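Residue numbers (the numbering used here): 40 to 356. Note that the Cβ used here is the ideal one computed from N, Cα and C, for glycine as well. None of these values were measured; they are calculated from a predicted model.
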């Protein structure tokens, strides 16, 4: 993979490889950077202390993504590439189910990209080929994120995709997407004016940064009964070895909060929140991923390791 030319380049496709760090400097675990104490399987990185020749700065996730925004789409992130590849099948599957669940084809559909970032997957919603039966129905696409830097990139990228759209309406909003993380007594629904019940929700590579209960409490508050959600995340096999981060202009490794979840933990919490599991897929890196250009050369070190999973859920309660 070609190294990014920007001074704010990521390291190891935006993941810290723990095995390359030297002993003696502590790795901050999730209990130290979050008010929520996770179970051992949810810890960021466990084990003895390590030391890196590059200084490391732990900052709030929102601040990290604000700094990361201008290179996020171009830094060669392997997990994003896998996510893009898998969404070629999963996203049409989700949207097909959303359309099929609405007998009234003249009724507007409300879709939400929760933690939309730079609009990487919001753009896929905008470019989706909707069935001709829905030609008279409005499609409302909403992107929510807490990072102004990310949303600025998304607005610049997505505006041109909506100029000629008569039926597809885009709305981007800056919001605290998971309010109960910092205030357990508040409503889990983001405080956004005129936010409608959601028929189809996607949240891709977001769960890693949020406690499970808070994540699914928000999904349950947003998705209407009978609606669907698509959630993708870093697999725990990868999460137990690496952590998201990037190197800033001063040569400092910047990291936000990161949790590691198994597929089973994710499914269990989704069910507790009132969702039925429709589909589950896990993905490892294969040699053909590099040969066919799905991911860059850095993917070779992950061959045989499950790095990604995705689930489609239906709100039943």
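- Check the Cα spacing between residue 104 and each of 303, 293, 333: the tightest is with 293.
- For residue 210, the beta-bridge partners assigned by DSSP are 181.
- Separation of residue 226 and residue 219 (C-alpha to C-alpha, rounded to the nearest whole angstrom) is 7 angstroms.
- Within the model, the alpha-carbon separation for residue 137 versus residue 124 is close to 21 angstroms.
- Cβ neighbours of residue 321 within its own chain (closer than 6 angstroms, five residues either side excluded): 345, 348.
- The C-beta distance from residue 314 to residue 268 rounds to 7 angstroms, short enough to meet the 8 angstroms contact threshold.
- Counting every other CB atom within 10 Å of its CB across the protein chains shown gives residue 235 a total below 16, marking it as exposed.
- A check of alpha carbon separations from residue 338 across 253, 303, 117 identifies 117 as the nearest.
- Burial check for residue 205: the Cβ neighbour count within 10 Å stays below 16, so the residue is exposed.
- The distance from the Cβ of residue 263 to that of residue 353 is about 11 angstroms, inconsistent with a contact at the 8 angstroms cut-off.
- Secondary structure within the segment 109-148: the alpha helix (DSSP H) runs of 4 or more consecutive residues, fully enclosed, are 117-139 (chain order).
- Shown here, residue 254 sits in a helix according to DSSP, grouped into three states.
- Taking 8 angstroms as the cut-off, the Cβ atoms of residue 243 and residue 193 do not count as close.
- Assignment of beta-bridge partners to residue 97 by DSSP yields 294.
- A Cβ-Cβ distance of about 5 angstroms is found for the pair residue 209 and residue 180, placing them in contact under the 8 angstroms criterion.
- Approximately 7 angstroms separates the beta-carbon atoms of residue 150 and residue 178; this is inside 8 angstroms, confirming the contact.
- Pairing residue 302 with residue 279 gives a Cβ-Cβ distance that is not under 8 angstroms.
- When secondary structure is reduced to three states using DSSP, residue 299 falls in the coil class, being assigned neither helix nor strand.
- Taking residue 147 as reference, the option from 331, 271, 175 with the minimal CA-CA separation is 175.
- The C-beta distance from residue 165 to residue 207 rounds to 6 angstroms, short enough to fall under 8 angstroms.
- Here residue 295 is not near residue 323, since their CB atoms are 8 angstroms or more apart.
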